[in-house]
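Using my numbering, the first residue of the sequence shown is number 5, and each one after it goes up by one. Here is the structure we will look at, set down as structure tokens.
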Amino acid sequence: MTIDLSTVPLVGISVVSKQIIAAMLNPTKVLPSDNNLPRDWRGLAHLLELNGEIMSLLVSHSDPTTYMLTMFEKNKKNITIKNFQTMMEQMDRWDIIDDTEAIFQSDAAKYLEQQQRAQVSADLIDECVDQEVLTLGDVHRLSQGLETQYYDAFLLYADEDISFVNEMIQKLETEYKLKLCLKDRDLVGGVAFEHEAVMKLISERCNRLLIIISPSFLKSSANKFFLNYAQALSIEKRQRKMIPCIYKSCELPFQLKYISTLDYNRRGLYDFWAKLHDSIQASHSINTSSITQNNITKEITEARNILPDKHSDIPQNNQRISEETLKYLQKNENYTVAKINDAKALNVGSKKNKKLLRWEKITANWKTKQTKQNGQLITETTIQNLPSVDNLDSLDLSNTDIYEKNKKKNLFSKFTKKKIGVKV
């Protein structure tokens, strides 16, 4: 299939093509073309309309053709391979056209293929989503807009027991439709810490941990680590997490001595695969919300049957309560209006009281003045009507002194009389 070279730029040619063109245009040609153009690199420079400065550089350059082609790549001129062939026709260089036709077709095919690849770009990685991707199931579900994959059980086994593991996968996944998770089969590549990813799967994504017990299993330090982790997890969550299956007889580790096990070698006593399926499968959750709703409905019905009269009075009671509420609101409105009117009346009354107080002060001052004048008149008339005190004895203190002196003289005279009588 021939490619249209007018759709391919000249910069799309390969290094080999550039070397062929340079080898054929660099040598100086003496005879010009029919258009009087030089048949070497000078004719190409003339057709490209290069200025004198560049021409002086090309003259002194050892490989002027390669320099021009490199300059086209930097300047990104829109010159196609077809334009280059047209220039060679004007320069009568049919030899270059014939010798480069096949290689130009190859270069054009490679260029168009690269352009097609460049149009398809990879999607950006969402770091939050990428951290949740642990298994291949996560990749497929997230691409469909679903949540991450959850599993019925994580299968922990030794590599030496792979034949029994394949049989278990066939039984549980094909016949019983359980979803198992295997480290070697389901874990995506590039997980930074494999043990951390397995721990996250066991704790968050898998309902059970199915353990294939054998002597080879107990030799693996990684299996012992996951066994201890699952035991601690079951104690913390108080959950039946581990399901040990004895594939080959061996001494059980202390973590499993007190846990009921399933022995594959004693499968004749019971259906091993059915029991294993029942042990792995999660119990169906009970729809407690519907039961609760039914119980509430039943209790309401019983209460209405027991107390029909009280339930029949409920609409009347509600109507009476609404009427009383309206009355109470109307009273509150009337009380508020009366309160506002009283406040206005108090303001008017206070103004009147202030005027009365001023008038009472004025009248009180006038009455006190009148009272004082009347008091002076009364005292004057009273003094005039009192009897004269001119003829009364004075209340001088000297009278009391004379009385005391006379009393002392009398005592002294009595005492002297008694004393004189004794001498006789």
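Just so it is clear, CB atoms sit at the ideal spot from N, CA and C, and this is done for glycine as well.
Assign residue i to one of two classes, buried (16 or more other C-beta atoms within 10 Å of its C-beta) or exposed (fewer than that).
{"i": "Gly-193", "result": "exposed"}
{"i": "Cys-249", "result": "buried"}
{"i": "Ile-290", "result": "Unreliable positioning characterises Ile-290 in this predicted model, as indicated by a pLDDT of 42, which lies under 50. The coordinate reading is nonetheless provided below. That one is exposed."}
{"i": "Pro-68", "result": "buried"}
{"i": "Leu-273", "result": "exposed"}
{"i": "His-315", "result": "Any answer about His-315 is weak, because its pLDDT of 48 lies below 50 and its placement is not dependable; what the coordinates show is given next. Burial call: exposed."}
{"i": "Ile-100", "result": "buried"}
{"i": "Asn-227", "result": "buried"}
{"i": "Ile-129", "result": "exposed"}
{"i": "Ile-239", "result": "exposed"}
{"i": "Ile-166", "result": "exposed"}
{"i": "Phe-258", "result": "exposed"}
{"i": "Phe-56", "result": "For the sequence presented, residue 56 should be read as Gly rather than Phe. The residue in question, Gly-56, is exposed, as its Cβ has fewer than 16 Cβ neighbours within 10 Å."}
{"i": "Gly-149", "result": "exposed"}
{"i": "Met-92", "result": "buried"}
{"i": "Met-59", "result": "exposed"}
{"i": "Pro-13", "result": "buried"}
{"i": "Val-169", "result": "buried"}
{"i": "Trp-98", "result": "exposed"}
{"i": "Ala-49", "result": "buried"}
{"i": "Arg-43", "result": "buried"}
{"i": "Asp-142", "result": "buried"}
{"i": "Leu-41", "result": "buried"}
{"i": "Thr-70", "result": "buried"}
{"i": "Tyr-262", "result": "exposed"}
{"i": "Ala-439", "result": "Because the chain in this structure spans residues 5 to 428, residue 439 falls outside the shown range and cannot be described."}
{"i": "Phe-197", "result": "exposed"}
{"i": "Lys-241", "result": "exposed"}
Hey, quick one: how far does the alpha helix (DSSP H) through residue i stretch, first residue to last?
{"i": "Asn-30", "result": "Note, Asn-30: premise wrong, no alpha helix (DSSP H); not H, not E."}
{"i": "Met-92", "result": "85-94"}
{"i": "Lys-279", "result": "276-284"}
{"i": "Val-63", "result": "56-64"}
{"i": "Arg-242", "result": "Segment: none, Arg-242 is in no alpha helix (DSSP H) and carries neither H nor E."}
{"i": "Glu-255", "result": "Segment: none, Glu-255 is in no alpha helix (DSSP H) and carries neither H nor E."}
{"i": "Glu-200", "result": "198-204"}
{"i": "Gly-47", "result": "45-51"}
Residue i lies in the beta strand (DSSP E); which residues open and close that run?
{"i": "Asp-188", "result": "Asp-188 -> not in any beta strand (DSSP E); alpha helix (DSSP H) instead, spanning 187-190."}
{"i": "Tyr-155", "result": "155-160"}
{"i": "Asn-211", "result": "210-217"}
{"i": "Met-72", "result": "No beta strand (DSSP E) holds Met-72; the alpha helix (DSSP H) holding it covers 68-79."}
{"i": "Ile-7", "result": "Taken as a continuous stretch (DSSP letters only), Ile-7 belongs to no beta strand (DSSP E), as it is neither H nor E."}
{"i": "Ile-250", "result": "246-250"}
Smallest Cα separation from residue i: which of the options?
{"i": "Leu-1", "options": "His-199, Lys-204, Thr-6, Gln-153", "result": "Nothing about residue 1 can be read from this structure; the chain reaches only from 5 to 428."}
{"i": "Arg-271", "options": "Ser-264, Leu-280, Ile-263", "result": "Leu-280"}
{"i": "Thr-104", "options": "Ala-26, Trp-277, Val-143", "result": "Ala-26"}
{"i": "Ala-278", "options": "Lys-175, Leu-213, Thr-265", "result": "Lys-175"}
{"i": "Asn-79", "options": "Leu-54, Lys-241, His-65, Ser-264", "result": "Leu-54"}
{"i": "Met-246", "options": "Lys-114, Asp-44, Leu-237", "result": "Leu-237"}
{"i": "Phe-88", "options": "Gly-16, Thr-265, Asn-40", "result": "Gly-16"}
{"i": "Pro-219", "options": "Asp-163, Pro-36, Phe-230, Asn-82", "result": "Asp-163"}
{"i": "Phe-230", "options": "Lys-241, His-199, Gln-243, Leu-51", "result": "His-199"}
{"i": "His-144", "options": "Asp-190, Ile-173, Gln-123", "result": "Asp-190"}
{"i": "Thr-434", "options": "Leu-62, Leu-222, Phe-221, Ser-18", "result": "Missing from the structure shown is residue 434; the chain here goes from 5 to 428 and no further."}
{"i": "Tyr-155", "options": "Glu-177, Glu-171, Gln-94, Gln-135", "result": "Glu-177"}
{"i": "Gln-119", "options": "Tyr-262, Arg-244, Thr-11", "result": "Thr-11"}
{"i": "Glu-136", "options": "Phe-221, Arg-244, Arg-209, Met-72", "result": "Arg-209"}
{"i": "Gln-109", "options": "Asn-82, Arg-242, Ser-18, Ala-234", "result": "Ser-18"}
{"i": "Ile-24", "options": "Gly-47, His-65, Leu-73", "result": "Leu-73"}
{"i": "Leu-51", "options": "Leu-222, Glu-171, Thr-90, Ser-224", "result": "Thr-90"}
Pop quiz: residue i and residue j are said to be a contact at Cβ under 8 Å. What is the actual Cβ separation, rounded to whole angstroms?
{"i": "Asn-232", "j": "Ala-157", "result": "With 8 Å as the limit, Asn-232 and Ala-157 do not qualify as a contact, their Cβ atoms being about 18 Å apart."}
{"i": "Tyr-251", "j": "Ile-216", "result": "5 Å"}
{"i": "Leu-160", "j": "Leu-116", "result": "Their Cβ separation, rounded to whole angstroms, is 53 Å, which puts Leu-160 and Leu-116 out of contact at 8 Å."}
{"i": "Ser-207", "j": "Asp-111", "result": "With a Cβ gap of about 58 Å, Ser-207 and Asp-111 do not count as contacting."}
{"i": "Ile-107", "j": "Leu-9", "result": "Not really, about 12 Å apart at Cβ, beyond 8 Å."}
{"i": "Asp-38", "j": "Asp-96", "result": "6 Å"}
{"i": "Ser-283", "j": "Leu-266", "result": "7 Å"}
{"i": "Leu-138", "j": "Ala-201", "result": "5 Å"}
{"i": "Ala-113", "j": "Ile-7", "result": "6 Å"}
{"i": "Trp-45", "j": "Leu-35", "result": "Actually they are not in contact, since the Cβ atoms of Trp-45 and Leu-35 sit about 15 Å apart, beyond 8 Å."}
Quick check: is any heavy atom of the ligand SAH less than 7 Å from the C-beta of residue i?
{"i": "Met-95", "result": "Questions concerning the ligand SAH fall outside what the structure shown contains, since it holds no ligand whatsoever."}
Which runs of the alpha helix (DSSP H) spanning at least 4 residues fall entirely within the segment 101-186, listed in chain order? Entirely contained in the segment 101-186, the alpha helix (DSSP H) runs reaching 4 residues are, in chain order, 131-136, 140-147, 166-173.
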